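Enquirer: One structure, as structure tokens, below. Some questions next.
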Amino acid sequence: MGYDEISEMLRRFRREFKELEDYIMKTLRDEVYRLYEDLASIERMFRPMWHHEGYLEPLYSVKDLGDRIVVYIDLPYAEEGSIDVKFVDNKMIIKARLKDQLSYSGWGTRFERMTFNEYRTVIDLPIVVDPNKIRIRSRKGLVEITIFK
């Protein structure tokens, strides 16, 4: 085996090793992100879904589908025309007015009576969003936001 053959074999080995290293790093990144999302979802389950300033935090889920990210937000009893979606860096800010003010009492909390006028939440996204690459659909209080990568 000559010098040229050994050099070519080493180049091929380095290239294949680099491809394997890239694959492992991408897989690890994807898994860490998935675990982070799972933990964030569990954390959200234990947070209060209402705020003393008179707003509710809606239920939502974020799905990374490879070429796009889809966010589903549940906004029951929200005015369809009042749904406001804004993007700042990798954060999505959602606001929507309720059709009527909701009041709750007797929750056994330090507040005697709570009234709510709107939904509000801020969702961390894994990417910075290009406003030209989004699609928003809303039907009967369910909002689907598709963010193309």
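Numbering (numbering that gives the first Met the number 0), first residue to last: 0 to 148.
Note that CB positions come from ideal geometry on N, CA and C, so glycine has one too.
As the structure is a computational prediction, the values presented were derived from the model and not from experiment.
Could you check where the beta strand (DSSP E) with ASP66 kicks off and where it finishes?
Expert: First-last for ASP66: undefined, no H or E at that position.
Enquirer: Are the CB atoms of VAL70 and ILE144 within a distance shorter than 7 Å?
Expert: Cβ atoms of ILE144 and VAL70: closer than 7 Å.
Enquirer: Give the single residue among ARG67, PRO75 and TYR32 whose Cα lies nearest to the Cα of ARG138.
Expert: Of ARG67, PRO75 and TYR32, the residue nearest in Cα terms is PRO75.
Enquirer: Measure the Cβ-Cβ separation of ILE72 and VAL142 and say whether it is below 7 Å.
Expert: A contact, by the Cβ cut-off of 7 Å.
Enquirer: Here's the rule: buried if 16 or more other CB atoms are within 10 angstroms of the residue's CB, otherwise exposed. What is TYR103?
Expert: So TYR103 counts as exposed.
Enquirer: With a threshold of 7 Å between beta carbons, is ASP73 in contact with chain E?
Expert: As a matter of chain content, chain E is missing from the structure shown, which is built from one protein chain.
Enquirer: Please go through the same chain and pick out, in chain order, the residues whose beta-carbon is closer than 8 Å to the beta-carbon of TYR32, but skip the five residues on each side of it.
Expert: The answer, listed in chain order, is ASP63 and PRO125.
Enquirer: Smallest Cα separation from ALA77: which of LYS94, PHE45 and VAL87?
Expert: Residue LYS94 is the option with its Cα nearest to ALA77.
Enquirer: In the DSSP output, which residue or residues are listed as bridge partners for MET8?
Expert: None, per the DSSP bridge assignment.
Enquirer: According to the Cβ coordinates, are VAL121 and PHE86 closer than 7 Å?
Expert: No, they are not a contact pair.
Enquirer: Using CA coordinates, which residue listed in ASP83, VAL84, LEU101 and ASP123 is at the minimum distance from LYS90?
Expert: Out of ASP83, VAL84, LEU101 and ASP123, ASP123 has the C-alpha closest to the C-alpha of LYS90.
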